[in-house]
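A.B. asks: Residue numbers (the working numbering): 839 to 1463.
#1: Ordered along the chain, which non-local residues of its own chain (more than five positions away) have a Cβ less than 6 Å from that of residue 920?
#2: Relative to the alpha-carbon of residue 1197, which residue among 1097, 1170, 1228, 1220 has its alpha-carbon at the smallest distance?
#3: Terminal residues of the continuous alpha helix (DSSP H) containing residue 860?
#4: Quick test of your reading: residue 1181 and residue 1252, contact by CB under 8 Å. State the CB separation rounded to the nearest angstrom.
#5: Applying the 10 Å Cβ sphere with the 16-neighbour rule, what's the burial state of residue 954?
#6: Inspect the beta-carbon positions of residue 960 and residue 983 and report whether they are closer than 8 Å.
#7: Measure the C-alpha to C-alpha separation of residue 1177 and residue 1148 and round it to an integer number of angstroms.
#8: Alpha carbon to alpha carbon, how far is residue 1421 from residue 1405? Give it in angstroms, no decimals.
#9: In chain order, what residues of the same chain have a beta carbon less than 7 Å from the beta carbon of residue 969, not counting five sequence neighbours either side?
#10: Relative to the C-alpha of residue 1244, which residue among 934, 998, 1082 is closest?
#11: Under 8 Å, do residue 1189 and residue 1295 count as touching if we go by C-beta distance?
#12: Tell me, which residues are paired with residue 1286 by DSSP?
#13: Suppose you measure from the CA of residue 1111 to the CA of residue 1425; what does that come to, to the nearest Å?
#14: Between the Cα of residue 1370 and those of 1444, 847, 1350, 880, spot the shortest distance and give me the residue it belongs to.
#15: So, for residue 1242: in the same chain, excluding its five sequence neighbours on each side, which residues have a beta-carbon less than 7 Å away from its beta-carbon?
#16: Check residue 1142 in the structure and name its three-state DSSP category.
#17: With burial defined as no fewer than 16 other Cβ atoms inside 10 Å of the residue's Cβ, what is the status of residue 836: buried or exposed?
#18: Tell me whether residue 895 sits in a helix, a strand or coil according to DSSP, three-state version.
#19: Nearest to residue 1460 by CA position, among 1447, 1446, 1431, is which residue?
#20: My assumption, with CB atoms under 8 Å, is that residue 977 sits in contact with residue 997. Please give the rounded CB distance.
#21: What are the uninterrupted segments assigned as beta strand (DSSP E) that are 3 or more residues long and contained completely in the segment 1170-1214, given in chain order?
#22: Pick out the complete beta strand (DSSP E) segments inside the segment 1022-1107, 3 residues or longer, and give them in chain order.
#23: Need the endpoints of the alpha helix (DSSP H) that residue 1121 sits in, please.
#24: Using the three-state DSSP reduction, which class does residue 1396 fall into: helix, strand or coil?
#25: By the three-class DSSP mapping on this structure, what secondary structure does residue 1301 have?
#26: Which runs of the beta strand (DSSP E), 3 residues or longer, sit entirely within the segment 1316-1367?
#27: Which residues in the same chain as residue 933 place their Cβ atom closer than 6 Å to its Cβ, once the five residues preceding and following it in sequence are excluded?
#28: Helix, strand or coil for residue 813, going by three-state DSSP, please let me know.
#29: Quick one: grab the DSSP three-state call for residue 940.
#30: Figure out for me which residue from 1360, 1282, 897, 1193 has the closest Cα to the Cα of residue 878.
#31: Please identify the residue among 1260, 1281, 1290 whose C-alpha is closest to the C-alpha of residue 1273.
#32: Hey, residue 1286 and residue 1270: beta-carbon distance below 8 Å or not?
#33: For residue 888, report the span of its alpha helix (DSSP H) as first-last.
#34: Using CA coordinates, which residue listed in 1377, 1126, 1310, 1000 is at the minimum distance from residue 1338?
#35: Closest by CA to residue 1327, which one among 1040, 1183, 1375, 1347?
#36: Quick check on DSSP: helix, strand or coil for residue 1255?
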């Protein structure tokens, strides 16, 4: 074991000495660091950059490091024997005792209390900032002695309370060392397997690259560097060669076969999306046509159609509330017809879920379903994405031109999300295609028959945009033939827990909620709707290490709270308009501040894509911190 692969962070000179004695006895060379609480994250990050793979610590320091680092943090735990010793010492000084600590320490205290029925108060905290308020409250309620760590001791001294330090015994230190050594062996073995796998990928004749949620390239093999002309850290949405698959990446649509052109050469690619409780990523594989065995007689149009299928059906929609059942019933009626549908609903209410379900239940279900988000594609590219372009339409145009979405979706369904963001020039062409059932590519002069079903969606009231001159009235009449209003989550009485149960089942996680937590979840406003709820549950799955979720956990881990100030803000006042937008603006600003301007982290917390976050920040004028 290299002496820098494991590091120990101590919280006091006493514990440092105790740890050092154990290391000497076991003849283990592991560095022990003693830093101020507010410096530990920065110091730990420096160690990680230098090759440290595991950190050992305890109490609040361990909790802070675990939430701030990507490497494992092993906590030096408290044992029942140690708790007995501490309480015996405390009983000699006072009979009115309170213990203040982080979850792990408090869990052991509760276990001891259940076994012995001893009478003492347990006060659990989740960060150091809460400790002073807790200790002050204990002093105000005539407690004479507190048990806790270094910060608790400092606060106890401030409020004239006696203190017994919750010191760690040698057994706990040895157990933490054993866990760390075993885990290090596992990590090194897995790293070796990963190195071997990556070496194998680098020998592949196929280019392979992996994208994160924001479209940034996080891995690419040797063949991929040359074939795709991309590097780690590049943004795929800035690569002109890949613009024909922007929509599939943004809308998480897999593509089995698709031809793109890079430096005059045809490259056949496949796109596959993956998600788990840790996040979402996309894998793009590709090879030049002469290497892959695909028939050159296959047209690009046929390749473009591949993979444009629905992922969801009505069976995937969770909800038994009257408003949700009414929306589903209406959507099923619409599915049998071919008229345009306009879906209205706040961000995160499931507009594409309904659009896919309608297509899946329609007579066009065997044909392509292609989705495009008007807010996610630059205005300069949107028209060519929708209508395609002819040979020589502009500089660097692909030889032979390129079909657009309407052409690729022939006989199928086109779903245009956030149509409110379509520029007026595009609105004019959309109106024409709906009126004449024909269109032409950009720069082309031949007419193509338009045989598709159109579904649009918006989180804005298009009628109000028409009145403001921001949306064409004639187009509004054309797309608003059948209207489907999706309810916000706060309006769906009884559905929140159903959705939570479904999410937990999908992630094979067993959690229960106290009655107070259920009431809290049901009464919460859910400004981010389903996406926000998904983010909350995923955060619990990853960070919550107990089985029963209470209100404190929701507020501390998931940042869910309704303060008095917030309550006052959302009370409608005379002349107030766009209250939901104002609250959304406020929420986004608060989350950006909390994440220090990290858009990827903020997007995960809000339960929306980075692209949607960027658009909303631009719309509301929210500055990146």
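We put the CB at the ideal spot given by N, CA and C, even for glycine. Just so you know, these numbers come straight off a predicted model, no measurement behind them.
C.D. replies: Here's the rundown:
#1: Position 82 of the chain shown, counting from 1, holds the residue named residue 920. Scanning its chain for C-beta atoms nearer than 6 Å, with the 5 sequence neighbours on each side dropped, one finds around residue 920 the residues 1007, in chain order.
#2: Counting from 1 along the chain shown, the entry for residue 1197 is found at position 359. That would be 1170, whose Cα lies nearest to the Cα of residue 1197.
#3: One-based indexing of the chain shown puts residue 860 at position 22. Counting along the chain, the alpha helix (DSSP H) containing residue 860 begins and ends at 851-864.
#4: Position 343 of the chain shown, counting from 1, holds the residue named residue 1181. Position 414 of the chain shown, counting from 1, holds the residue named residue 1252. Not a contact, Cβ separation roughly 13 Å.
#5: Locating residue 954 in the chain shown gives position 116, counting from the first residue. Taking all protein chains shown into account, residue 954 has fewer than 16 neighbouring C-beta atoms within 10 Å of its C-beta and is therefore exposed.
#6: As a first step, residue 960 is located in the chain shown; it is residue number 122 there, counting from the start. As a first step, residue 983 is located in the chain shown; it is residue number 145 there, counting from the start. Going by C-beta atoms, residue 960 is not nearer than 8 Å to residue 983.
#7: For the purposes of this step, residue 1177 is identified with residue 339 of the chain shown, where counting begins at 1. For the purposes of this step, residue 1148 is identified with residue 310 of the chain shown, where counting begins at 1. Note on geometry: alpha-carbon atoms of residue 1177 and residue 1148 lie some 19 Å from one another.
#8: As a first step, residue 1405 is located in the chain shown; it is residue number 567 there, counting from the start. As a first step, residue 1421 is located in the chain shown; it is residue number 583 there, counting from the start. Only weak support exists for where residue 1405 lies, its pLDDT of 41 falling under 50; the value from the coordinates is given anyway. If you take the alpha carbons of residue 1405 and residue 1421, they lie about 11 Å apart.
#9: Sequence index remark: in the chain shown, residue 969 carries index 131 (1-based). Only 938, 963, 989, 990, 993 meet the Cβ criterion.
#10: Within the chain shown, the letter at position 406 stands for residue 1244. Taking residue 1244 as reference, the option from 934, 998, 1082 with the minimal CA-CA separation is 1082.
#11: On the chain shown, residue 1189 is found 351 positions in, with the first residue counted as 1. On the chain shown, residue 1295 is found 457 positions in, with the first residue counted as 1. For the 8 Å CB-CB criterion, residue 1189 and residue 1295 form a contact.
#12: In the chain shown, counting from the first residue as 1, residue 1286 sits at position 448. Partner(s): 1277.
#13: As a first step, residue 1111 must be located in the chain shown, where it is residue number 273. As a first step, residue 1425 must be located in the chain shown, where it is residue number 587. Computed Cα separation, rounded: 29 Å.
#14: In the chain shown, counting from the first residue as 1, residue 1370 sits at position 532. Closest by alpha carbon: 1444.
#15: Walking along the chain shown from the start, residue 1242 turns up at place 404. Around residue 1242: 1222, 1223, 1224, 1225, 1226, 1279.
#16: Numbered from its first residue, the chain shown carries residue 1142 at position 304. With a pLDDT of only 41 at residue 1142, under 50, the local geometry of the prediction cannot be trusted, and the value read off the model is given with reservation. Secondary structure of residue 1142 (DSSP, three-state): helix.
#17: In the structure displayed, the chain extends from 839 to 1463; residue 836 sits before or after that span and is not available.
#18: The residue you call residue 895 lines up with position 57 of the chain shown. In this structure, residue 895 counts as strand in the three-state DSSP scheme.
#19: For the purposes of this step, residue 1460 is taken as residue 622 along the chain shown, with counting starting at 1. Per the Cα distances, 1431.
#20: To locate residue 977, count along the chain shown from 1; it is residue 139. To locate residue 997, count along the chain shown from 1; it is residue 159. Yes, they are in contact, since the Cβ atoms of residue 977 and residue 997 sit about 4 Å apart, within 8 Å.
#21: You should have 1179-1182, 1207-1211.
#22: The segment 1022-1107 contains these whole beta strand (DSSP E) runs: 1045-1049, 1055-1058, 1093-1100.
#23: As a first step, residue 1121 must be located in the chain shown, where it is residue number 283. Per DSSP, residue 1121 belongs to no alpha helix (DSSP H); it is in the beta strand (DSSP E), 1117-1126.
#24: By 1-based counting over the chain shown, the position of residue 1396 is 558. Reduced to three states, the DSSP call for residue 1396 is coil.
#25: As a working mapping, residue 1301 is identified with position 463 in the chain shown. In this structure, residue 1301 counts as helix in the three-state DSSP scheme.
#26: Correct list: 1320-1323.
#27: Translated into the one-based positions of the chain shown, residue 933 becomes position 95. Nothing meets the Cβ criterion.
#28: The first residue shown for the chain is 839 and the last is 1463, placing residue 813 beyond what the model contains.
#29: Translated into positions along the chain shown, residue 940 becomes position 102. In the displayed model, residue 940 falls within coil according to three-state DSSP, outside both helix and strand.
#30: Within the chain shown, numbered from 1, the residue matching residue 878 stands at position 40. Nearest of 1360, 1282, 897, 1193 to residue 878, Cα basis: 897.
#31: Counting from 1 along the chain shown, the entry for residue 1273 is found at position 435. Looking at the Cα atoms, 1290 is the closest of the given residues.
#32: Here residue 1286 refers to the residue found at position 448 of the chain shown. Here residue 1270 refers to the residue found at position 432 of the chain shown. No, the Cβ-Cβ distance between residue 1286 and residue 1270 is not below 8 Å.
#33: Locating residue 888 in the chain shown gives position 50, counting from the first residue. No alpha helix (DSSP H) contains residue 888, which DSSP labels as neither H nor E.
#34: Translated into positions along the chain shown, residue 1338 becomes position 500. Of the candidates 1377, 1126, 1310, 1000, the one whose C-alpha sits nearest the C-alpha of residue 1338 is 1377.
#35: Here residue 1327 is taken as the residue at index 489 of the chain shown, counted from 1. Of all alpha-carbon atoms in 1040, 1183, 1375, 1347, the one lying nearest the alpha-carbon of residue 1327 is that of 1183.
#36: Stepping through the chain shown from its first residue, residue 1255 is reached at position 417. In this structure, residue 1255 counts as strand in the three-state DSSP scheme.
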